[in-house]
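Everything below concerns the one structure shown next.
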Amino acid sequence: MTPFPGGKVRGSRVAVVGGSVAGCAAAIALARAGCAVTVFERSRGVLADRGFGIGLAGPAWQEFVDAGYFAAAMPALTCRSRWWVVPDPAAAETGRLAWRQPLDLRLTNWGLAWRGLRERVPDAVAWHTATVTGVRDTVAGVDVTADGATGRFDVVVGADGYASLVRRVAGGGRPGYAGYALWRGNYPVSRLGSLPPALRGAGVSVMFPGGHAVCYLIPGLPGAQTRVNWAVYLPLPRPAGLLSLPPGTVGDGLAAALDQVVETHFPPAWARVVRATTRAELALQPIYDLAVPRYAKGRLLLAGDAGALARPHAGGGVTKAIQDALALESACHEHPRWDTVLPAYDTARTAKGAELVALGRRLGAAQVGRTPEWTTMDEEGFRRWWHSTLDGRPR
Ligand SMILES: Cc1cc2nc3c(=O)[nH]c(=O)nc-3n(C[C@H](O)[C@H](O)[C@H](O)COP(=O)(O)OP(=O)(O)OC[C@H]3O[C@@H](n4cnc5c(N)ncnc54)[C@H](O)[C@@H]3O)c2cc1C
């Protein structure tokens, strides 16, 4: 195994593979630590087309603003509660509100979060639009090959997402399929003639046998109106290597599977929210997850989804990607040399990543596939079910 490099952090040459959330945050952290940073991102231009809603806990949001990773003025909607809604003949139109769970969340648009981070990547960081095809960790340095040219770096950060090349080189394994997928969409709020009142200041979960839907409002991209954002989780056996289907590419069969569930189980008010989505806006995300045994190996370290890929139920992927960067920044400030930074980062983030993945699995198992009989649960039943799912112990 390549030993940890003993060189100084300040002045070292670091490559970051991937320029999405984790890559931008890592570039900010490393530039602050005095490294000469090069980012390799294969996509051109603005990564806003991945635009979907994300939620961050209020304290994490504030932490990122205080640390200068987010602008205080970044558009977000405050969400104070989550409404758990179950079908009920006595409230046929909207379903029954079984539990109004208090929350402190900031809801935003993935594209806005990425733009905010990208704007904060210092000009001194070299940004290459190029696909990394080779990473070779040697005693003398890491050779990174991108678009046919090879350069040598002291350390490489793999911020290259769920199918990470850097993770493969570091022996971090492959993501496993969870057995279900999420169908999702978002569209301008004006399309809904009348907005269900629950969507003002709250997120809504509509529960049905074998799955559930989540629905909330998010800010639009600059100059655009607020959007309705929804996701429906349903079992989907044997995806056979199915990757994400971007908006407009979901086939008839998968669109019909969603439609059937909406028809059968959704109270009409929430069926309308999903059905207001055009086929060009419908996307599908098979759910995979993975916790790596090591966040740092040799001269390679991992960040964001490359390090730990958690199911979206925990709503922690963006948060963890930025917290990875904060941990890296603080390790670089505490330790002047890479041979102490890398193990410190590895210890701090491997455990956090594994925790988030485990939480996503517990939440997924409880909310998709083996779901309880939602319709018989009252507020106390939901509260007990939620807390036992969170801490993994039946109550
Ligand atoms: C539907 C959905 C809802 C979610 N909701 C939430 C939420 O509410 N809250 C939350 O915190 N998180 C949420 N997440 C998770 C969050 O979106 C991700 O965790 C986060 O975007 C991961 O960022 P990343 O930078 O690690 O990876 P990615 O965004 O996947 O970025 C990887 C980047 O690496 C680039 N790349 C890959 N390979 C190469 C290569 N060989 N060469 C050059 N470039 C390369 C890619 O082009 C890409 O830009 C959600 C995810 C989904 C799918």
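If you read the sequence shown in the working numbering, its first letter stands for residue 99, the second for the next number, and so on. Positions of the beta carbon are idealized from the N, C-alpha and C atoms, including for glycine.
Check, Outcome
"Looking at the unbroken beta strand (DSSP E) that takes in Asp252, where does it start and where does it end?", "No beta strand (DSSP E) holds Asp252; DSSP gives it neither H nor E."
"With DSSP as the reference, label Ser262 as helix, strand or coil.", "coil"
"Identify the residues that DSSP records as bridge partners of Ala389: which are they?", "Ala406"
"In the DSSP assignment, find the alpha helix (DSSP H) that holds Ser428 and state where it starts and stops.", "415-432"
"Which ranges would you report for the beta strand (DSSP E) in the segment 141-218 if only whole runs of at least 3 residues count?", "151-155, 175-184, 194-207"
"Is it the case that the CB of Ala257 approaches a heavy atom of ligand 1 more closely than 7 Å?", "yes"
"Alpha carbon to alpha carbon, how far is Ile126 from Arg213?", "13 Å"
"What number of angstroms, rounded off, separates the C-alpha of Tyr393 from the C-alpha of Glu478?", "40 Å"
"Examine ligand 1 and report whether any of its heavy atoms sits within less than 7 Å of the Cβ of Trp159.", "no"
"As a quick exercise: from Trp197, Val112, Ala389, Arg482, pick the residue whose alpha carbon is nearest that of Val240.", "Val112"
"What would DSSP say about Ser303, mapped onto helix, strand or coil?", "strand"
"Report yes if the C-beta of Pro320 is less than 7 Å from at least one heavy atom of ligand 1; otherwise report no.", "no"
"With burial defined as no fewer than 16 other Cβ atoms inside 10 Å of the residue's Cβ, what is the status of Gly462: buried or exposed?", "buried"
"Taking just the CA atoms, how far does Leu399 sit from Cys430?", "13 Å"
"Which of helix, strand or coil does DSSP assign to Arg234?", "strand"
"Between the Cα of Gly209 and the Cα atoms of Pro317, Ala442, Ala189, which residue gives the shortest distance?", "Pro317"
"Would you say the segment 172-182 touches the segment 197-204, given that touching needs at least three Cβ pairs under 8 Å?", "yes"
"Please state whether the Cβ-Cβ distance between Val255 and Ala174 is less than 8 Å.", "no"
"Of all the options Val237, Lys395, Ala196, Val360, which has the alpha carbon lying nearest to the alpha carbon of Tyr443?", "Lys395"
"Candidates Thr236, Val253, Gly232: which alpha carbon is nearest Thr243's?", "Gly232"
"Any chance the CB of Gly153 is under 7 Å from a heavy atom of ligand 1?", "yes"
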